[in-house]
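Position one of the sequence shown corresponds to residue 61 (the working numbering), numbered consecutively onward.
Idealized CB from N, CA, C, for every residue including glycine.
A quick write-up on the structure given underneath.
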Amino acid sequence: MKKWNVAVIFVFCALLIAGSVYYVFFFSKKSGAGKGGFPGGFGGFGGGAQNVVSVKTMKASPITLHDYVITNGEISPQTSVDVFPNIGGKIVQVNVSLGSLVRKGETLALVDPSTPGVYYAKSPVTAPISGTITSSPLRQGTTVTGNTPITTIGDVANLQVTASVPERYVASLKTGLNADIVLEAYPDEIFKATVTKVSPVLDAKSRTKEVILNFDTSDSRVQAGMFARVKLWTEDYEGEFAVPSDSIIENGVEKYVFIIKSDNTAEKRIVTTGKSVDDFTQILTGLKEGETVVTEGMRVLSNGAQTKDITSGIIDVDYGTDKKTEAQKDGENLPPKGEH
61 MKKWNVAVIF VFCALLIAGS VYYVFFFSKK SGAGKGGFPG GFGGFGGGAQ
111 NVVSVKTMKA SPITLHDYVI TNGEISPQTS VDVFPNIGGK IVQVNVSLGS
161 LVRKGETLAL VDPSTPGVYY AKSPVTAPIS GTITSSPLRQ GTTVTGNTPI
211 TTIGDVANLQ VTASVPERYV ASLKTGLNAD IVLEAYPDEI FKATVTKVSP
261 VLDAKSRTKE VILNFDTSDS RVQAGMFARV KLWTEDYEGE FAVPSDSIIE
311 NGVEKYVFII KSDNTAEKRI VTTGKSVDDF TQILTGLKEG ETVVTEGMRV
361 LSNGAQTKDI TSGIIDVDYG TDKKTEAQKD GENLPPKGEH
């Protein structure tokens, strides 16, 4: 009898415990309360502490964005002249070599126009300008005509950069544009140049337009024939707010950012965007100067969420869009950028 009573009591206690656990779990879910609501328990009876999201921010302020195009170029003399003989024949004497300095009127080679049975005086080939021999002269014994260039003379004291810009960017081209030049021989140094000529025609085969740039200052380290990386500054976008492109959220219907109000709560703000330059995008409408824009942590925010600003500050930037030609795909020393 006593054993039966003990069994009844045991079953009753087990049912009581099971019912209590069921009540706590089931009722807490229906009540909608979160963790931490009931001290020491699983929630459901207290208000619960609201999560605080750590974010990084910047102040909305007008930022100038500099647009640019990156392409390749080659250093060459501003003045370059091919040298032709006055008459056809065989080159019997060559007086210069690649890199030789010559004066206008100096004899570069002798051409013998004689033919079997007919002898003529040797004809001198003279330099039409003063400068440097920039292409290897034809060798002695070579037969030439009056249309065969024997060599080329260039003024290496005054150099230029010849570059080709893809067709999709030609609308931005004009004389007077500034450029940064990086040379393979001096990858950590920037040489300044200015566009002095834009070709009036587009190359039908390469779909590019040629531009000529002159260096702003001469430098003895720059030599004809060097390969150049050209960063051509095309346009400035001023007077608008700009924020990191990653801070703008798109849902297929609208674009928006989160701002932090004075009470540290987040507010969703629908915006209209403009030009994208490197990692920054213009905000045309939706922001006021001085407002605090979330730049990191915005993906987990919602309206009214409590936040903690861990890196508030104004970001001052000058950025530009990177529009690369095919030649840049193997790497470059100029800053990388996203196309808009």
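For K269, the uninterrupted beta strand (DSSP E) run begins and ends at 268-275, by DSSP. Setting aside the 5 residues that flank it on each side, G346 is surrounded in the same chain by R329, I330, V331, T332, each with a C-beta closer than 7 angstroms to its C-beta; the list follows chain order. With respect to G133, V290 sits close: the two C-beta atoms are nearer than 9 angstroms. For the pair G334 and Y316, the Cα-to-Cα distance works out to about 13 angstroms. Out of V354, L161, I210, the CA that lies nearest to the CA of P184 is found in I210. The three-state secondary structure of A326, taken from DSSP, is strand.
Close CB contacts of A181 within its chain, under the 8 angstroms cut and outside five residues either way in sequence, are absent.
Ranked by how close their Cα comes to the Cα of V154, the residues G312, A169, L273 have A169 in first place. Across the set Q366, V230, T186, K116, the C-alpha of V230 shows the shortest separation from the C-alpha of E270. Beta-bridge annotation (DSSP): D215 is not paired with any residue. Taking all protein chains in view, the Cβ of P176 is surrounded by fewer than 16 other Cβ atoms within 10 Å, so the residue is classified as exposed. DSSP, reduced to helix, strand and coil, places A365 outside both helices and strands of the structure shown, so it counts as coil. Runs of the beta strand (DSSP E) lying entirely within the region 198-251, each at least 3 residues long, are 211-214, 219-226, 238-243 in chain order. Among the bridge pairs identified by DSSP, D127 is matched with E295.
Beta bridge pairing from DSSP links Q153 with L170.
For A264, no beta strand (DSSP E) run applies, since DSSP gives it neither H nor E. In the structure shown, the three-state DSSP call for S183 is strand.
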